[in-house]
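Asks: In our numbering, the protein residues as written are 29 to 145. The C-beta atom is built at its ideal place from N, Cα and C for all residues, glycine as well. These figures come from a predicted structure and were not determined experimentally. The structure is given below, and queries will be raised subsequently.
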């Protein structure tokens, strides 16, 4: 049986966990000062790149993505940033829904599951 490896562990949550070669990222929310959906999306996707690299993976290995938008009306602008980020030929399965997020300043939260290299 494989062990579970956790990264960025705090009292409430871990930033990532790896089990059997699969990387599970926590929900990524904006950390920078961007207030529009394009800036927040770019911030979150950069965090995903960083976390996946630290866990031995990358965006071409994403198995599943869940995107939560505070306002589904932001989907077109979010998709423009997403489409430029996704590796051609490796677009992962994805769900995008409107949801109330933990902080009213957040316009987006993204959860990713990926295979290790």
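In the structure shown, what three-state DSSP assignment does residue 92 receive?
Replies: Three-state result, residue 92: strand.
Asks: Residue 70 by DSSP, collapsed to three states: which one?
Replies: Looking at residue 70 - three-state DSSP - the assignment turns out to be helix.
Asks: Less than 8 Å between the beta carbons of residue 92 and residue 120, yes or no?
Replies: A contact, by the Cβ cut-off of 8 Å.
Asks: Does the separation of the CB atoms of residue 72 and residue 138 fall below 8 Å?
Replies: Result yes, Cβ atoms of residue 72 and residue 138 sit closer than 8 Å.
Asks: Which residues mark the beginning and the end of the beta strand (DSSP E) in which residue 123 is found?
Replies: Start and end: 122–126.
Asks: Considering only the beta carbon of each residue, do residue 65 and residue 105 sit closer than 8 Å?
Replies: Yes, they are a contact pair.
Asks: Is it the case that the Cβ atoms of residue 51 and residue 80 are separated by a distance below 8 Å?
Replies: Yes; because the gap between Cβ atoms is below 8 Å, this pair is in contact.
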